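Chemist: Residue 8 is where the sequence shown starts when you use our numbering, and the numbers rise one by one after that.
Each residue gets a CB set at the ideal place from its N, CA and C atoms; glycine is no exception.
All figures in this text were calculated on a predicted structure; none of them were measured in a lab.
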Amino acid sequence: MSKRIIFLACAIVATVAAWACTSAIVTAKMTANGRPLLWKHRDTSDLNNVVERITPDAGFAYIGLFNASDSLRLEAWMGCNTEGFAIMNTASYNLKADTVKQMDREGLVMSEALRLCSTVDDFEQLLLTMPKPLGVEANFGVIDAHGGAAYFETCNYSYKRFDVDSITVRTNHSKSGRKDEGYGYVREANAQHLLRPYVESRSVTPEVLTERLSRSFYHSLVGKDFAADTATYVVDRDFIPRRISSASVVVEGVNAGENPAATTMWTVLGYPPCGVVVPAWTWEGGVPDELRADDATGHSPACDRANELKRRVFDNPLPDTGDYLNIKALYDTDGSGIAVDCHQQSVENYLRGYEFINKKFGK
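Have a look at this one:
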């Protein structure tokens, strides 16, 4: 009986781990170029993600992050629309206090928000008017093109709004929820530690989030950066990037009076330390083919490339060693490694992306 209890407990933990994410909202006054940021480092059980543009019969067109298996593109797990409104979520595990069984509907809520909302207040109104129970237990992060920025800690019948004035990090617990429950406390501390110097200098950029945080193996509880460790293998536990990480996405918004079409979704698909950032926009043709689903495979080529490199990171041939990653494959002592190469490609894509944006919008 005791072995069965232990097995079930492990299964529950594994299920929880499959729906965990790290996120942040950064307002315009804390960024290097004065534009707000919405970031989600996605952890999920579906490791094949794509980005697609959706043009509904009624409402706003939008681009969203979808599971490749979601062929109808019904559930967006992050995105932005032609109004400059953007949304994402992290799962929470200390809000629910009911017996509702039909859950995990966050992607449906976010698709509806992208279709209907242009402001943070619009999203609040949507939460008020949607049929209950919502089927969610989540921290929804939203920004708009009018200076609005907020987290909504949301459950089946209620929510708590937290307006963001500077920067806020959320993982897998809610501040309005039950104390000392939920998950992601170490990852939250990791992100806050890594962001601190950029916050102090008010110089946060999308590159800081995808390249510094989503490729970092700093562990706040241990107080150590394992990318500089002398060991070859380290345990994959409580880093921001994890084996179940499937994307790192930053929506770089616009401010009041700016063209909302300049809203950019900087996207790393696949295991983020092995991925390369690619920008996408909400206009027709604004999503590059490497982010979209290939007609033959249904997968994004960018995601497939990152997941193939990931196999060289989780390469231990011994049985029962799936939680050990080859940190030297990512960051070797000579300054080489998969994460180093992918970072350099991302830096070049950021330069090209900003050059394109500046030329198109006259900045």
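For I61 and I334, what's the separation of their Cα atoms in angstroms?
Modeler: Counting from 1 along the sequence shown, the entry for residue 61 is found at position 54. Counting from 1 along the sequence shown, the entry for residue 334 is found at position 327. So the two alpha carbons sit approximately 38 Å from each other.
Chemist: Run through DSSP, which three-state label would C310 get?
Modeler: Walking along the sequence shown from the start, residue 310 turns up at place 303. The answer is helix: DSSP assigns C310 an H, G or I state.
Chemist: Hey, would you say F147 sits closer than 9 Å to E113, going by beta carbons?
Modeler: The residue you call residue 147 lines up with position 140 of the sequence shown. The residue you call residue 113 lines up with position 106 of the sequence shown. Result yes, Cβ atoms of F147 and E113 sit closer than 9 Å.
Chemist: List the endpoints of the continuous alpha helix (DSSP H) containing F368.
Modeler: One-based indexing of the sequence shown puts residue 368 at position 361. Here the alpha helix (DSSP H) through F368 covers 345-368.
Chemist: Once the 5 residues before and after N266 are set aside, which same chain residues still bring their CB inside 7 Å of it?
Modeler: Translated into the one-based positions of the sequence shown, residue 266 becomes position 259. Excluding positions up to five away in sequence, the list reads F368.
Chemist: Please list, in chain order, all residues of the same chain as F233 whose beta carbon is under 8 Å from its beta carbon, the five residues on each side excluded.
Modeler: As a working mapping, residue 233 is identified with position 226 in the sequence shown. F224, Y225, H226, V241, F246, I334.
Chemist: F371 bridges to which residues according to DSSP?
Modeler: Lying before the first or after the last residue shown, residue 371 is absent from the chain, which here runs from 8 to 370.
Chemist: How should V229 be labelled, buried or exposed, when 16 other C-beta atoms within 10 angstroms of its C-beta is the threshold for buried?
Modeler: In the sequence shown, the residue the question calls residue 229 occupies position 222. It counts as exposed.
Chemist: Once you ignore the five residues that flank N262 on each side, which residues in its own chain have a CB closer than 6 Å to its CB?
Modeler: On the sequence shown, residue 262 is found 255 positions in, with the first residue counted as 1. Cβ neighbours of N262 beyond the five flanking positions: A35.
Chemist: Whose CA, out of P204, D327, E160, D172, lies closest to the CA of T178?
Modeler: If you number the sequence shown from 1, residue 178 lands on position 171. Taking only the C-alpha atoms, the option nearest T178 is E160.
Chemist: So, with DSSP's three-state summary, where would you put A39?
Modeler: Counting from 1 along the sequence shown, the entry for residue 39 is found at position 32. It is coil, neither helix nor strand.
Chemist: Sort A39, V354, E82, V193 by Cα distance to K231 and report the nearest one.
Modeler: Locating residue 231 in the sequence shown gives position 224, counting from the first residue. Cα-wise, what sits closest to K231 is V193.
Chemist: What would DSSP say about W84, mapped onto helix, strand or coil?
Modeler: Working through the sequence shown from its first residue, we reach residue 84 at position 77. Note: W84 maps to coil in three-state DSSP.
Chemist: Once you ignore the five residues that flank N356 on each side, which residues in its own chain have a CB closer than 8 Å to its CB?
Modeler: Residue mapping note: residue 356 aligns to position 349 of the sequence shown, counting from 1. Excluding sequence neighbours, N356 sits near V283, V284, V285, P286.
Chemist: What does DSSP give as the partner residue(s) for H48 in the beta ladder?
Modeler: Translated into positions along the sequence shown, residue 48 becomes position 41. According to DSSP, which records beta bridges pairwise, H48 is partnered with T29, S255.
Chemist: Would a C-beta distance cut-off of 9 Å place V149 and V176 closer than the cut-off?
Modeler: As a working mapping, residue 149 is identified with position 142 in the sequence shown. As a working mapping, residue 176 is identified with position 169 in the sequence shown. No, these two residues do not count as a Cβ contact at 9 Å.
Chemist: Out of curiosity, what's the CA-to-CA distance linking R222 and R312?
Modeler: Locating residue 222 in the sequence shown gives position 215, counting from the first residue. Locating residue 312 in the sequence shown gives position 305, counting from the first residue. Taking the straight line from one Cα to the other gives about 16 Å.
Chemist: D170 by DSSP, collapsed to three states: which one?
Modeler: Stepping through the sequence shown from its first residue, residue 170 is reached at position 163. In this structure, D170 counts as strand in the three-state DSSP scheme.
Chemist: Any heavy atom of the ligand NAP inside 8 Å of the beta-carbon of T239?
Modeler: The model on display carries no ligand, and the ligand NAP is accordingly not part of it.
Chemist: Nearest CA to the CA of G344: which residue from L133, I32, V320?
Modeler: By 1-based counting over the sequence shown, the position of residue 344 is 337. Among L133, I32, V320, the Cα nearest to that of G344 is on V320.
Chemist: Does the distance from the CB of C124 to the CB of T289 come in under 9 Å?
Modeler: Stepping through the sequence shown from its first residue, residue 124 is reached at position 117. Stepping through the sequence shown from its first residue, residue 289 is reached at position 282. No; because the gap between Cβ atoms is not below 9 Å, this pair is not in contact.
Chemist: If you draw a straight line from the alpha carbon of L44 to that of S255, how long is it in whole angstroms?
Modeler: Position 37 of the sequence shown, counting from 1, holds the residue named residue 44. Position 248 of the sequence shown, counting from 1, holds the residue named residue 255. Going by the C-alpha atoms only, they are around 13 Å apart.
Chemist: Apart from the five residues just before and just after G91, which ones in its own chain have a Cβ nearer than 7 Å to its Cβ?
Modeler: Along the sequence shown, one-based indexing puts residue 91 at 84. The residues are D151, A152, G260, V261, P267, T270.
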